[in-house]
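Numbering of the sequence shown is given in my numbering, commencing with residue 228 and proceeding in unit increments.
Every residue gets a Cβ at the ideal spot worked out from N, C-alpha and C, and that includes glycine.
Report on the structure given below.
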Amino acid sequence: MDSGVPHIPNLRIVLLGYRVGGKSTVGNLILGKQEFDTSKRTARCVEKEGEASQRKVTLVEAPGWWKGYRMEDTPDRDKREIVLSVSLCPPGPHALLLVVDVTDPLVAEYRNALKQHLELLGEKVWSHTIVVFTKGGWLGNTAMEEYIESDRSGLQWLVEKCGNRYHVLDKYRREDVQVTELLEKIEEMVAGNSGNHFHFDREILQKLEEKKMEDEKRKSMAIQAETYFDKTVNIDVNDVQKECVLGLALI
Numbered sequence: 228m229d230s231g232v233p234h235i236p237n238l239r240i241v242l243l244g245y246r247v248g249g250k251s252t253v254g255n256l257i258l259g260k261q262e263f264d265t266s267k268r269t270a271r272c273v274e275k276e277g278e279a280s281q282r283k284v285t286l287v288e289a290p291g292w293w294k295g296y297r298m299e300d301t302p303d304r305d306k307r308e309i310v311l312s313v314s315l316c317p318p319g320p321h322a323l324l325l326v327v328d329v330t331d332p333l334v335a336e337y338r339n340a341l342k343q344h345l346e347l348l349g350e351k352v353w354s355h356t357i358v359v360f361t362k363g364g365w366l367g368n369t370a371m372e373e374y375i376e377s378d379r380s381g382l383q384w385l386v387e388k389c390g391n392r393y394h395v396l397d398k399y400r401r402e403d404v405q406v407t408e409l410l411e412k413i414e415e416m417v418a419g420n421s422g423n424h425f426h427f428d429r430e431i432l433q434k435l436e437e438k439k440m441e442d443e444k445r446k447s448m449a450i451q452a453e454t455y456f457d458k459t460v461n462i463d464v465n466d467v468q469k470e471c472v473l474g475l476a477l478i
């Protein structure tokens, strides 16, 4: 690493992206072990901690969105979780990693969905975001720069929005080397942001957290009411059955 870039011993990172885009896989790669469940979708934010390249790392994976979904089509719960993800690694993440499958061309529909969902975190989100491309081996002998600039990829807009910051993960390269390079890019970005991490309005976060707690309380009460109803019905049925048996015995 360049001597002018400060080493960050405790990195805080949020993983963002569309569903089945590989966020959990990237998280496991960074931590060097299977911490995130790749067998099912992330319905709520998941926080994991570990060590990577002589750094302590806190990772938060946010729920994804469907690639072609407009923001209004995404459930409010998922949008709320995306915003709250940045509050789970206080005082805020050093980086947001936007995970993108390099084999999927970023057509206009996908691009609009990505922009809308990422900007739930505000316009400043782009200054703290690095694009992480998965399945880099698919490119073969084509250089990533060449592919980004090609008309068929649709990726140039995205990379430019993120200040030309991106990282390619390739299963044919050593994982530890790729992770070290990625973390160094994060440190370079933080240095470029005058050492600042990503900030989000605390008042908005507090309101969202309160709304989440209200929803969870309401859901818990509904489950309790349903359980009570089921037990009551079963008791009534049992009483009827007992009365029928008793009646038959007296005949």
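Beta-carbon contacts of residue i that lie in its chain and below 6 angstroms, excluding the five residues immediately before and after
i, result
"SER314", "LEU432"
"TRP345", "The amino acid at residue 345 is misidentified as Trp; the sequence shows Leu. Contacts found: VAL352."
"LYS250", "LEU242, GLY244, GLU288, VAL326"
"ILE309", "ALA289, LEU347"
"ARG239", "THR285, CYS316, PRO320, HIS321"
As assigned by DSSP and simplified to three states, the class of residue i
i, result
"ASN255", "helix"
"ALA449", "helix"
"HIS355", "helix"
"PRO233", "coil"
"ASP331", "coil"
"LYS283", "strand"
"LYS444", "helix"
"LYS267", "coil"
"LYS398", "coil"
"VAL247", "coil"
"LEU323", "strand"
Opening and closing residue of the alpha helix (DSSP H) in which residue i lies
i, result
"GLY291", "Note, GLY291: premise wrong, no alpha helix (DSSP H); not H, not E."
"ARG338", "335-345"
"TRP365", "Element bounds for TRP365: n/a, residue is neither H nor E."
"TYR374", "371-376"
"ASP388", "A quick correction: the sequence has Lys, not Asp, at residue 388. LYS388 -> alpha helix (DSSP H) spans 383-388."
"VAL310", "303-311"
"GLN261", "Careful: GLN261 lies outside any alpha helix (DSSP H) and carries neither H nor E."
Interface flag, residue i vs chain C, CB-CB below 8 angstroms
i, result
"LEU324", "The chain labelled as chain C is not found in the depicted structure, where only one protein chain is given."
Residue i to residue j span [Cα, whole Å]
i, j, result
"MET228", "ARG445", "Its pLDDT being 49, under 50, MET228 is placed unreliably in this model, and the value from its coordinates should be taken loosely. When rounded, the distance between both Cα atoms is 51 angstroms."
"THR361", "VAL395", "6 angstroms"
"PRO290", "GLY367", "31 angstroms"
"LEU312", "VAL253", "One point to set straight first is that residue 312 is Ser, not Leu, in the sequence displayed. Rounded to the nearest angstrom, the two C-alpha atoms are 17 angstroms apart."
"TRP353", "LYS260", "29 angstroms"
"GLY248", "LYS438", "28 angstroms"
"ALA279", "ALA452", "46 angstroms"
"THR407", "GLN281", "9 angstroms"
"ASP305", "VAL386", "25 angstroms"
"ASP442", "VAL404", "43 angstroms"
"THR330", "ASP428", "35 angstroms"
"ARG379", "LEU435", "39 angstroms"
"GLY231", "GLY419", "11 angstroms"
"ARG307", "ASP300", "13 angstroms"
"ALA335", "ILE375", "15 angstroms"
"TRP384", "LEU341", "12 angstroms"
"SER266", "GLY295", "22 angstroms"
"SER447", "GLU430", "26 angstroms"
"HIS426", "ARG271", "21 angstroms"
Within 8 angstroms, strictly: CB atoms of residue i and residue j
i, j, result
"ASN237", "LYS283", "yes"
"MET416", "ARG392", "yes"
"HIS234", "PRO318", "no"
"VAL359", "LEU410", "no"
"VAL241", "VAL287", "yes"
"LEU256", "GLU402", "yes"
"LEU333", "GLY277", "no"
"ILE450", "HIS321", "no"
"LYS398", "GLY349", "no"
"THR356", "CYS389", "yes"
Delimiting residues of the beta strand (DSSP E) encompassing residue i
i, result
"ILE240", "237-244"
"VAL395", "393-395"
Contact set for residue i: own chain, Cβ-Cβ below 7 angstroms, skip 5 residues either direction
i, result
"ARG246", "ARG268, GLY291, TRP292, TRP293"
"ASP328", "GLY248, GLY249, THR361, LYS362"
"PHE263", "SER251, GLY254, ASN255, VAL273, LYS275, GLU288"
Spatial neighbours of residue i in its chain, beta-carbon cut-off 8 angstroms, leaving aside the 5 residues before and after
i, result
"GLY422", "PRO233"
"GLN343", "ARG297, MET298"
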